[in-house]
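2 protein chains.
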Amino acid sequence: MTILLYHPMCPHSRFIRLALSEYGIEADLVEEKVQERRPDFLALNPAGATPVLLDEPDIVVSGAGPAAEYLHEVYAASGSVRLMPDNPVERAEVRRLMDWFNTKFFAEVSTWLVHEKITRRFLGPHEGGGGPDMDAVRAARANIRSHLNYIGWLAAKRNWLAGDEMSYADLAAAAHLSCADYLGDVPWAENENAKNWYVRVKSRPSFRGLLGDRVLGMNPAPVYADLDF
Amino acid sequence: MTILLYHPMCPHSRFIRLALSEYGIEADLVEEKVQERRPDFLALNPAGATPVLLDEPDIVVSGAGPAAEYLHEVYAASGSVRLMPDNPVERAEVRRLMDWFNTKFFAEVSTWLVHEKITRRFLGPHEGGGGPDMDAVRAARANIRSHLNYIGWLAAKRNWLAGDEMSYADLAAAAHLSCADYLGDVPWAENENAKNWYVRVKSRPSFRGLLGDRVLGMNPAPVYADLDF
Chain A
1 MTILLYHPMC PHSRFIRLAL SEYGIEADLV EEKVQERRPD FLALNPAGAT PVLLDEPDIV
61 VSGAGPAAEY LHEVYAASGS VRLMPDNPVE RAEVRRLMDW FNTKFFAEVS TWLVHEKITR
121 RFLGPHEGGG GPDMDAVRAA RANIRSHLNY IGWLAAKRNW LAGDEMSYAD LAAAAHLSCA
181 DYLGDVPWAE NENAKNWYVR VKSRPSFRGL LGDRVLGMNP APVYADLDF
Chain B
1001 MTILLYHPMC PHSRFIRLAL SEYGIEADLV EEKVQERRPD FLALNPAGAT PVLLDEPDIV
1061 VSGAGPAAEY LHEVYAASGS VRLMPDNPVE RAEVRRLMDW FNTKFFAEVS TWLVHEKITR
1121 RFLGPHEGGG GPDMDAVRAA RANIRSHLNY IGWLAAKRNW LAGDEMSYAD LAAAAHLSCA
1181 DYLGDVPWAE NENAKNWYVR VKSRPSFRGL LGDRVLGMNP APVYADLDF
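As you go down the protein sequences, you meet chains A and B in turn.
Heads up: the first sequence begins at 1 in my numbering, then just goes up one per residue.
Heads up: the second sequence begins at 1001 in my numbering, then just goes up one per residue.
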């Protein structure tokens, strides 16, 4: 039994959900409300963040990067899907872009949008809850433009973001963009190449689970689940 | 020829310098002033950050995590030093702790100390230069305590931070701590286990280069290069 402790609007969890689905690994998704800081959860991952992958026997893998590498090392050898290239230099490029989205895009865009627009709705007034700080939202909306242009630039010169084959780089990028897209904060009209690349990722069967996610009391933007937006 | 574009006070660069030295790889260290945003440097790494590893022929590996994985994949197979375990579950633990220090410790501690106390000395008044914002420094000094306790807790139950053998987890942790230590901001007296673990890493020949680093016009704290502090 494989279990993923996740949150529907955590982009790092979404990345690992996509990877699990691409590899065809059946996993139980168990929602973790990280803000509650459950002692049992902190014992699994002292960083207190999703995703955490539980695999048999008694294996705990915390964090998006480590979970992606673990899934590749343990499951890809036995399957036909490969989300990491075999060549160390090509792997370095996939890892650079995984880090770009999981760290840089997260710090500049997705953490602000998700925290301000979603997390704060579920926090009490003494925990930082309340309406979104629109200065933070505006900063994230400004930052996302350069990321979208970078994706468009990569997509114009390569078949997929890191090279000839679809890889973790595409899944990480799409996972983070999908959270911003739920909130209606991706200016798709500004970069046709980025949009066309996203349509290709979003159309994959692995994406269906993400497109069905809903946040309590907050519907997704109209384009969110539309494959022809 | 292997070249590392680095900055003396960049903890991510220090991590890769330690790795190169542990593997016995001769590399030319070339200082990069990232705040100048040289076009040639941005062409190598659009993220605009150190470290960037240049290897023959025409190989560019950007970022601490990708560089560490690349060095392991390309050089460890032919040598006796292994900074990543062979078992995927043990590797996941090394990667979790690498990320802990390269992302979490950096965001909560080292980026603030280095930016406020060092980087801002070399920026003009319109670039955010000036004296340190002591609120940011105090926040970093408060945050470092929980990290030091976590290191002490790990060091008490394991031989090295991630398990029986020294690994990238130890080098990443020591690299980030060494920057805070240069600035005199590690409260060593608070955790004997953490201090004893750091003495072991700091005493390794790979650490000598770091202990010789100096920032223009700013001497290190007295304990910095002292192996018996």
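Glycine residues also receive a C-beta, built at the ideal position from the N, C-alpha and C atoms.
Query raised in the report: Apart from the five residues just before and just after B:ALA1162, which ones in its own chain have a Cβ nearer than 6 angstroms to its Cβ?
Result: As a working note, residue 1162 of chain B is residue 162 in the second sequence. Taken in chain order, the residues that qualify are GLU1093, VAL1094, LEU1097, ALA1169.
Query raised in the report: Can you give, in chain order, each stretch of the alpha helix (DSSP H) that sits fully within the stretch 63-144 of chain A and has at least 4 residues?
Result: 64-75, 88-99, 111-117
Query raised in the report: Considering only C-alpha positions, which residue in the set A:VAL89, A:ILE118, A:TYR23, A:GLU192 is nearest to A:PRO220?
Result: Taking the first sequence and counting its residues from 1, the one referred to as residue 220 of chain A is at position 220. Checking every option, the nearest Cα to that of A:PRO220 belongs to A:ILE118.
Query raised in the report: Quick one: any contact between the stretch 23-35 of chain A and the stretch 66-75 of chain A, if contact means 3 or more CB pairs under 8 angstroms?
Result: yes
Report task. Note down the Cα distance separating A:ARG141 from B:LEU1148, rounded to an integer number of angstroms. Result -> Numbered from 1 along the first sequence, position 141 holds the residue referred to as residue 141 of chain A. Numbered from 1 along the second sequence, position 148 holds the residue referred to as residue 1148 of chain B. Cα-Cα distance, rounded: 36 angstroms.
Requested in this report: Could you please tell me which residues of the stretch 101-125 of chain A, in chain order, have their CB closer than 9 angstroms to any CB of chain B?
Outcome: ASN102, THR103, LYS104, ALA107
Query raised in the report: Quick check: the stretch 1013-1023 of chain B against the stretch 1171-1178 of chain B, are there 3 or more CB pairs under 8 angstroms?
Result: yes
Query raised in the report: Are the Cβ atoms of A:GLU165 and A:PRO88 separated by less than 8 angstroms?
Result: As a working note, residue 165 of chain A is residue 165 in the first sequence. As a working note, residue 88 of chain A is residue 88 in the first sequence. Going by C-beta atoms, A:GLU165 is not nearer than 8 angstroms to A:PRO88.
**Report entry** Touch test, the stretch 102-110 of chain A against the stretch 1125-1137 of chain B, Cβ-Cβ under 8 angstroms, three pairs minimum
**Finding:** no
Report task. Quick one: residues in its chain with C-beta nearer than 7 angstroms to the C-beta of B:HIS1012, no 5 flanking neighbours on either side, listed in chain order? Result -> Taking the first residue of the second sequence as position 1, residue 1012 of chain B is located at position 12. Hits under 7 angstroms: THR1050, PRO1051, ALA1064, ASN1102.
Query raised in the report: Since A:TYR182 contacts A:TYR224 with CB under 8 angstroms, what's their CB separation in whole angstroms?
Result: The sequence position of residue 182 of chain A within the first sequence is 182, counting from 1. The sequence position of residue 224 of chain A within the first sequence is 224, counting from 1. At roughly 5 angstroms, the Cβ-Cβ gap stays under 8 angstroms, so A:TYR182 and A:TYR224 are in contact.
Query - Nearest candidate by alpha-carbon position, reference A:ALA43, set A:ALA189, A:VAL30, A:ARG145, A:SER62 - result: Position 43 of the first sequence, counted from the start, is the residue given in the question as residue 43 of chain A. It is A:SER62 whose Cα lies nearest to the Cα of A:ALA43.
Report task. May I have the straight-line CA-CA distance separating A:ARG37 from A:GLY131, to the nearest angstrom? Result -> Taking the first sequence and counting its residues from 1, one reaches residue 37 of chain A at position 37. Taking the first sequence and counting its residues from 1, one reaches residue 131 of chain A at position 131. Between A:ARG37 and A:GLY131, the C-alpha separation is close to 22 angstroms.
Query raised in the report: Is A:ASP55 helix, strand or coil by DSSP?
Result: In the first sequence, residue 55 of chain A corresponds to position 55, counting from 1. In the structure shown, A:ASP55 sits in a strand (DSSP, three-state: E or B).
Query raised in the report: In terms of DSSP beta bridges, what is B:THR1002 paired with?
Result: Here residue 1002 of chain B refers to the residue found at position 2 when the second sequence is read from its first residue. DSSP, once it has assigned bridges, lists B:ALA1027 as partnering B:THR1002.
Query raised in the report: Would B:ALA1047 count as contacting chain A if we go by Cβ distances under 8 angstroms?
Result: For this step, residue 1047 of chain B is matched to residue 47 along the second sequence. By this cut-off, B:ALA1047 is an interface position.
Query raised in the report: Which term fits A:ASP58, buried or exposed, when burial requires 16 or more other beta carbons within 10 angstroms of its beta carbon?
Result: Walking along the first sequence from the start, residue 58 of chain A turns up at place 58. That one is exposed.
Query raised in the report: What residues in the stretch 78-104 of chain A bring their beta carbon closer than 9 angstroms to a beta carbon of chain B?
Result: PRO88, VAL89, ARG91, ALA92, GLU93, VAL94, ARG95, ARG96, MET98, ASP99, TRP100, ASN102, THR103, LYS104
Query raised in the report: Any idea what DSSP makes of A:GLY163, helix, strand or coil?
Result: Here residue 163 of chain A refers to the residue found at position 163 when the first sequence is read from its first residue. It is a strand residue.
Query raised in the report: Near A:HIS176, which residues of its chain fall below 6 angstroms by C-beta distance, leaving aside the five closest residues on each side in sequence?
Result: As a first step, residue 176 of chain A is located in the first sequence; it is residue number 176 there, counting from the start. Correct list, in chain order: PRO11, PHE101, PHE105, SER110.
Query raised in the report: Under a Cβ-count criterion, where at least 16 other Cβ atoms within 10 Å of its own Cβ denotes burial, should A:LEU113 be classed as buried or exposed?
Result: In the first sequence, counting from the first residue as 1, residue 113 of chain A sits at position 113. Classification of A:LEU113: buried, given that the 10 Å Cβ count is 16 or more.
Query raised in the report: Whose Cβ in chain B lies nearer than 9 angstroms to the Cβ of A:PRO66?
Result: On the first sequence, residue 66 of chain A is found 66 positions in, with the first residue counted as 1. Chain B residues near A:PRO66: ARG1091, ALA1092, GLU1093, VAL1094, ARG1095, ARG1096, MET1098, ASP1099.
Query - Backbone CA spacing between B:ASN1196 and B:GLY1152 [nearest angstrom] - result: Along the second sequence, read from residue 1 onward, the residue named residue 1196 of chain B stands at position 196. Along the second sequence, read from residue 1 onward, the residue named residue 1152 of chain B stands at position 152. Straight-line Cα distance between these residues: approximately 9 angstroms.
Report task. State yes or no: is the beta carbon of A:GLU56 nearer than 8 angstroms to at least one beta carbon in chain B? Result -> Within the first sequence, numbered from 1, the residue matching residue 56 of chain A stands at position 56. Answer no: the Cβ-Cβ gap between A:GLU56 and chain B never drops below 8 angstroms.
Query raised in the report: For B:ASN1143, which option in B:ALA1180, B:PRO1222, B:VAL1081, B:LYS1157 has the closest C-alpha, if you only look at C-alpha atoms?
Result: Within the second sequence, numbered from 1, the residue matching residue 1143 of chain B stands at position 143. Among B:ALA1180, B:PRO1222, B:VAL1081, B:LYS1157, the Cα nearest to that of B:ASN1143 belongs to B:ALA1180.
Query raised in the report: B:VAL1061 by DSSP, collapsed to three states: which one?
Result: Start at 1 with the first residue of the second sequence, and residue 1061 of chain B comes out as number 61. Three-state result, B:VAL1061: strand.
Requested in this report: Using a Cβ-Cβ cut-off of less than 8 angstroms, give me the residues of the stretch 131-157 of chain A that come near chain B, in sequence order.
Outcome: TYR150
Requested in this report: Say whether chain B places a C-beta atom closer than 8 angstroms to the C-beta of A:ILE3.
Outcome: Here the question's residue 3 of chain A lines up with position 3 in the first sequence. No, because no Cβ of chain B sits closer than 8 angstroms to the Cβ of A:ILE3.
Query raised in the report: Got a sec: is the Cβ-Cβ distance from B:ILE1059 to anything in chain A below 8 angstroms?
Result: Here residue 1059 of chain B refers to the residue found at position 59 of the second sequence. By this cut-off, B:ILE1059 is an interface position.
Query raised in the report: If we ignore side chains and look at the alpha-carbon of each, how far apart do B:ASP1099 and B:PHE1041 end up?
Result: Here residue 1099 of chain B refers to the residue found at position 99 of the second sequence. Here residue 1041 of chain B refers to the residue found at position 41 of the second sequence. So the two alpha carbons sit approximately 24 angstroms from each other.
Query raised in the report: By Cβ distance, which residues of its chain are closer than 7 angstroms to B:VAL1060, with the 5 residues on each side in sequence left out?
Result: Taking the second sequence and counting its residues from 1, one reaches residue 1060 of chain B at position 60. Closer than 7 angstroms at the Cβ level, and outside the excluded window around B:VAL1060, lie LEU1044, VAL1052, LEU1054.
Query raised in the report: Are the C-beta of A:GLU73 and some C-beta of chain B separated by less than 8 angstroms?
Result: Counting from one through the first sequence, the residue named residue 73 of chain A turns up at place 73. By this cut-off, A:GLU73 is an interface position.
Query raised in the report: For the alpha helix (DSSP H) that contains B:LEU1183, what are its first and last residues?
Result: Here the question's residue 1183 of chain B lines up with position 183 in the second sequence. From DSSP, B:LEU1183 is part of no alpha helix (DSSP H); its letter is neither H nor E.
Requested in this report: Determine the chain A residues that contact B:TYR1198 at a beta-carbon separation under 7 angstroms, and present them in chain order.
Outcome: Taking the first residue of the second sequence as 1, we reach residue 1198 of chain B at position 198. Ordered by position in chain A, no residue passes the 7 angstroms Cβ test against B:TYR1198, which lies about 20 angstroms from the chain.
Query raised in the report: Given a threshold of 16 other Cβ atoms within 10 Å of its Cβ, counted over all protein chains shown, does B:SER1178 qualify as buried or as exposed?
Result: Stepping through the second sequence from its first residue, residue 1178 of chain B is reached at position 178. Label assigned to B:SER1178: buried.
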